[in-house]
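Going left to right, the sequence shown walks through residues 11 to 146 as our numbering numbers them. For each residue, glycine too, the CB sits at the ideal point set by N, CA and C.
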Amino acid sequence: MSRQLVNPPHMLKPIGFSHGVKAGPFVYLGGQTALNADYQIVPGGIVEQFVQAFGNVLATLEHAGGKPTDLVDVTIYLTDVDDYLKHGREIGAKWREMAGTEYPAMAGIGITRLWQPEAMIEIQAVAYITPEETES
11 MSRQLVNPPH MLKPIGFSHG VKAGPFVYLG GQTALNADYQ IVPGGIVEQF VQAFGNVLAT
71 LEHAGGKPTD LVDVTIYLTD VDDYLKHGRE IGAKWREMAG TEYPAMAGIG ITRLWQPEAM
131 IEIQAVAYIT PEETES
């Protein structure tokens, strides 16, 4: 089975980690916070951070040759579960805009903090890209 590191050139240059690893038809997408192109956590609240973090996950997946419907498992780490739930409808609408309605298995986990102190959310995922998709 082949193993390929997936690091989109427009994202933070990884040191000691990879944004993703493609192993056969699977893509393991490393945890993404709401870092923008300036390597800063985006301002605003949980909705803005969700959009940036999930966008980073999807950018890595796209760089690996996949698309949002290839996601099979998503884990969302949250520093404030109640705030996420309070904005659930808006976050759900953003998900549908970005990834459609073929939802993967998901988990939301409350934690005390993330690597960047101002980060409120981190998203990691696994995708399965069927061999036909990667042959073109």
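Exposed or buried, residue i, counting other C-beta atoms within 10 Å across all chains shown (16 or more means buried)?
| i | result |
| --- | --- |
| Val16 | buried |
| Lys32 | buried |
| Phe27 | exposed |
| Thr140 | exposed |
| Thr43 | buried |
| Leu95 | exposed |
| Glu128 | exposed |
| Ala74 | buried |
| Tyr49 | exposed |
Tell me which same chain residues have a C-beta within less than 8 Å of the C-beta of residue i, skipping the five on either side of it?
| i | result |
| --- | --- |
| Leu68 | Pro78, Met108 and Ala109 |
Output the boundary residues of the beta strand (DSSP E) element that contains residue i.
| i | result |
| --- | --- |
| Lys32 | Gly30 to Ala33 |
| Gln50 | Taken as a continuous stretch (DSSP letters only), Gln50 belongs to no beta strand (DSSP E), as it is neither H nor E. |
Ignore the nearest five residues each way along the sequence and tell me which others in residue i's own chain have a CB closer than 6 Å to its CB.
| i | result |
| --- | --- |
| Glu100 | Val57 |
| Val136 | Tyr38, Val82 and Asp83 |
How far does the alpha helix (DSSP H) with residue i in it extend, from its first residue to its last?
| i | result |
| --- | --- |
| Ser124 | For the sequence presented, residue 124 should be read as Leu rather than Ser. Unbroken run through Leu124: none, as it is neither H nor E. |
| Phe36 | Looking at the DSSP string, Phe36 is not in any alpha helix (DSSP H); the run it does join, the beta strand (DSSP E), is Phe36 to Gln42. |
| Leu22 | No alpha helix (DSSP H) holds Leu22; DSSP gives it neither H nor E. |
| Glu112 | Here Glu112 belongs to no alpha helix (DSSP H), and DSSP marks it neither H nor E. |
| Ala69 | Ile56 to His73 |
According to DSSP, what are the bridge partners of residue i?
| i | result |
| --- | --- |
| Val136 | Tyr38 and Asp83 |
| Ile117 | Checking the displayed sequence, the identity of residue 117 turns out to be Ala instead of Ile. Ala117 is bridged to Thr85. |
| Val16 | Gly30 |
| Ile131 | Leu88 |
Could you name the residues of the same chain whose beta carbon sits closer than 7 Å to that of residue i, not counting the 5 residues immediately before and after it, in chain order?
| i | result |
| --- | --- |
| Met11 | Ala33 and Gly34 |
| Val52 | Ala44, Asn46, Glu58, Gln59 and Gln62 |
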